[in-house]
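Just so we're aligned, residue 581 is where the sequence shown starts under the numbering used here, counting upward by one.
Every residue, glycine too, gets a C-beta built ideally from N, C-alpha and C.
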Amino acid sequence: MTEYIFILGKNWLLSIAEMIVYLRDQNLTAHVNDHSRNAAIVEIDERLSDSQVVEIQEALGGCFKIGRVITKYNRSVAERAFPKQGRPVKRYRTELMECPWTDRVWPSPKGKKVKFGVSTYPMLNVESTVSLKRLTLGLDEWAKRKLLARGARRAAYYIYEGPDTRKKERPNTALWPQTIARYNLLRPPNAEVLAVITEGNLYIGKTVVVYDSRLQQYRDESRPYISPKTSTSPKLCRTLLTLAGAKPGDTILDPFCGSGTLLMEAAILGMKCIGIDIDGDAVQGARLNLRWLSSDLGEKLDFRIIKGDTRRAMEVVGKAVDAIAFEPVLGPVYTKRPERKDAEESILELTKLYRDSLKGMEPCLRPDGRIAMTLPVINTTKGQVSVEFDQIIKGTDFEIIRFLPRKSIRTQSTDKQLVIRPERRTLPERKIGQAVERTVIMLGKR
Ligand SMILES: C[S@@+](CC[C@H](N)C(=O)[O-])C[C@H]1O[C@@H](n2cnc3c(N)ncnc32)[C@H](O)[C@@H]1O
581 MTEYIFILGK NWLLSIAEMI VYLRDQNLTA HVNDHSRNAA IVEIDERLSD
631 SQVVEIQEAL GGCFKIGRVI TKYNRSVAER AFPKQGRPVK RYRTELMECP
681 WTDRVWPSPK GKKVKFGVST YPMLNVESTV SLKRLTLGLD EWAKRKLLAR
731 GARRAAYYIY EGPDTRKKER PNTALWPQTI ARYNLLRPPN AEVLAVITEG
781 NLYIGKTVVV YDSRLQQYRD ESRPYISPKT STSPKLCRTL LTLAGAKPGD
831 TILDPFCGSG TLLMEAAILG MKCIGIDIDG DAVQGARLNL RWLSSDLGEK
881 LDFRIIKGDT RRAMEVVGKA VDAIAFEPVL GPVYTKRPER KDAEESILEL
931 TKLYRDSLKG MEPCLRPDGR IAMTLPVINT TKGQVSVEFD QIIKGTDFEI
981 IRFLPRKSIR TQSTDKQLVI RPERRTLPER KIGQAVERTV IMLGKR
């Protein structure tokens, strides 16, 4: 049994739900033992190889880094050693300064040149009781001293954006993925150390894998067809694919494929893709994007993009697929909050489209397959308006599959911003400040 640290995406609850779905689909028994807004501490009943961990991170849209837990302290140790306010208590500082974990991160540093960095993640995004900057700097300094004392030829630590020059402020306490990639900080003897603060503990871990943000940005910006107003983020696409249970080798369907972002992510993960869109320009654009991806990867990709109406998906596709994942039309693109009446009218229309489309998809999904989709939540001038789930599945073969099974969640929180309510029918996928937010649902056949 090993504990892992999963560094989560902005929608941390959705990230946790996605991770649980993925691990269960891999037949791994996993429990979330502790969490914060930034990280989940997950116990997995099997020791995973590094390449298995890499595969997990790649599949998950909501996971930036994965590491193994090395040790943990009571949170009060960090709080008293590095209080945000008041005087530090020497005894606790000494306890942290000993850094016994460096022996596990670097079993034999003698004679080696070591580059490393400590990334600290707070419980919430605004930390109140621990001085994160001083804690991070303290761990960096003490680990460096320990390494030199154990015979390392050189030990240099890096901060969020590069080598620490000690001249500037540290606005960020976590290393950026691009910094880790640029300076090869995961190649031994180099290492990234994770320090995660939760309500009760400070966890110290060693990173195994980090999300490749440079590759993602390159693909996002270089693909030939971009429709920024309606396209879905690649990370959300990966989350939808995971929730739909799509695996490498599977055939997946995106019945509202637009520019093909989800199909591209599926193809990168080794899936066969079918896309449908009612709009001829989108179909052409998605084809261009997939052809571009194929030549960029230097691989022949298995994809089919068809102009058609998802309400008659079986006529268009002609066969059953393993998984369906998509972001449908979410209604008008509002630049500011609409009137409630207008939003209600739009939701009524969308509800009918979603129901008719789900009906059309029924014969296209294998009996034990799953659907994952987003739905709009419109922030109006007078509160939120959203789709009734029961209305969209009414008269179809589908039922809602709940997120966050009770038995997978052991973490307990007294902070209301962090409480995990299990067995949820839907989870938010928010970008704060937008007129249209989204929720995510998972469906299966009854
Ligand atoms: C939100 S966009 C999808 C965005 C896509 N995931 C991407 O990243 O580009 C929704 C798409 O659904 C298409 N659409 C709307 N109604 C449809 C229908 N009845 N059948 C098929 N496609 C439809 C629209 O043309 C639009 O391209």
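Of the residues T753, P947, G838 and K962, which one's Cα is nearest the Cα of A824?
It is P947 whose Cα lies nearest to the Cα of A824.
Whose C-beta lies closer than 8 Å to the C-beta of E1027 among residues of the same chain, with five residues either side of it excluded?
Because the chain here runs from 581 to 1026, residue 1027 falls outside it and cannot be looked at.
Is the stretch 636–643 touching the stretch 678–696, taking contact as three or more C-beta pairs under 8 Å?
Short answer: they don't touch.
Measuring from the CB of A619, is there a heavy atom of ligand 1 at a distance below 8 Å?
Checking the Cβ of A619 against ligand 1 gives no.
Do E626 and L608 count as a contact pair if the criterion is CB distance below 9 Å?
Cβ distance < 9 Å, so L608 and E626 count as in contact.
Figure out for me which residue from E942, T960, V776 and R935 has the closest Cα to the Cα of K921.
Comparing Cα-Cα distances from K921 to each of E942, T960, V776 and R935, the minimum goes to T960.
Closest to L910 by CA distance: which of A900, V901, S926 and K916 is it?
When each option's Cα is compared against that of L910, the closest is S926.
Name the DSSP beta bridge partners of Y584, please?
Bridge partners of Y584: V622 and R648.
Among residues of its own chain, excluding the 5 on either side of V657, which ones have a beta-carbon nearer than 8 Å to its beta-carbon?
So the qualifying residues of the chain are Y672, E675, L676 and L782.
Could you check whether the stretch 689–708 touches the stretch 616–624, counting it as contact only if at least three pairs of C-beta atoms, one from each stretch, sit closer than 8 Å?
Flag = yes, the stretch 689–708 and the stretch 616–624 touch.
Is the stretch 833–849 touching the stretch 900–907, taking contact as three or more C-beta pairs under 8 Å?
Taking 8 Å as the limit for Cβ pairs, the verdict is that the stretch 900–907 does touch the stretch 833–849.
Short check: CB of S708 to CB of C643, under 9 Å?
No. Outside cutoff.
Less than 9 Å between the beta carbons of V694 and N770, yes or no?
A contact, by the Cβ cut-off of 9 Å.
So who's on the other strand from R950, going by DSSP bridges?
Paired residue(s): A903 and G1024.
Which residues in the same chain have their Cβ closer than 7 Å to the Cβ of R891, if we skip the five residues on either side of it in sequence?
So the qualifying residues of the chain are D936, S937 and G940.
Just grab the DSSP bridge partners of L833 for me.
I854 and I904, per the DSSP bridge assignment.
Closest to Y740 by C-alpha separation, out of T759, R725, G731 and N591, would be which residue?
The candidate whose alpha carbon is nearest that of Y740 is T759.
Closer than 8 Å: is that where the CB of F644 sits relative to any heavy atom of ligand 1?
No, the beta carbon of F644 sits no closer than 8 Å to any heavy atom of ligand 1.
Which partner residues does K932 have in the DSSP bridge list?
In the DSSP output, where bridge partners are listed per residue, K932 has none listed.
What is the DSSP secondary structure of Y575, reduced to helix, strand or coil?
Because the chain here runs from 581 to 1026, residue 575 falls outside it and cannot be looked at.
Note the first and the last residue of the continuous beta strand (DSSP E) segment covering V773.
Its beta strand (DSSP E) spans residues A771 to I777.
Am I right that V967 and L955 are in contact with their C-beta atoms under 8 Å? What's the rounded C-beta distance?
About 5 Å; that satisfies the 8 Å criterion.
Go through the stretch 676–705 residue by residue and report every complete run of the alpha helix (DSSP H) that reaches 4 residues or more, in order.
682–685, all fully within the stretch 676–705.
Which residue comes first and which comes last in the beta strand (DSSP E) that contains G785?
Where G785 is concerned, the enclosing beta strand (DSSP E) stretches over N781 to V790.
Hey, how far is the Cα of D876 from the Cα of E942?
Cα to Cα, D876 sits roughly 35 Å from E942.
How far does the alpha helix (DSSP H) with V896 in it reach, from first residue to last?
A893 to V897 is the extent of the alpha helix (DSSP H) around V896.
For the beta strand (DSSP E) that E879 lies in, which residues bound it at each end?
Run containing E879: none; DSSP gives neither H nor E here.
Would you please state the rounded distance, in angstroms, between the beta carbons of V622 and V633? I believe it to be under 8 Å.
That belief does not hold up - the Cβ atoms of V622 and V633 are roughly 11 Å apart, past 8 Å.
So D614 and G780 are supposed to be a Cβ contact under 8 Å. How far apart are they, rounded?
Between G780 and D614 the Cβ distance is about 7 Å, and since that is below 8 Å, they are a contact.
Check E919 in the structure and name its three-state DSSP category.
Reduced to three states, the DSSP call for E919 is coil.
As a quick exercise: from N752, L881, G860 and A729, pick the residue whose alpha carbon is nearest that of I854.
It is L881.
Quick check: the stretch 1001–1010 against the stretch 793–806, are at least 3 beta-carbon pairs closer than 8 Å?
With a cut-off of 8 Å, the stretch 1001–1010 and the stretch 793–806 do not count as touching, because too few Cβ pairs lie within range.
For G829 and D857, what's the separation of their Cα atoms in angstroms?
About 23 Å.
In whole angstroms, what separates the C-alpha of V790 from that of L928?
Cα to Cα, V790 sits roughly 42 Å from L928.
Hey, out of K852, D861, A866 and G975, whose CA is closest to V901's CA?
Looking at the Cα atoms, K852 is the closest of the given residues.
Return yes when the C-beta of L842 is under 8 Å from any heavy atom of ligand 1, and no when it is not.
Within the cutoff, so yes.
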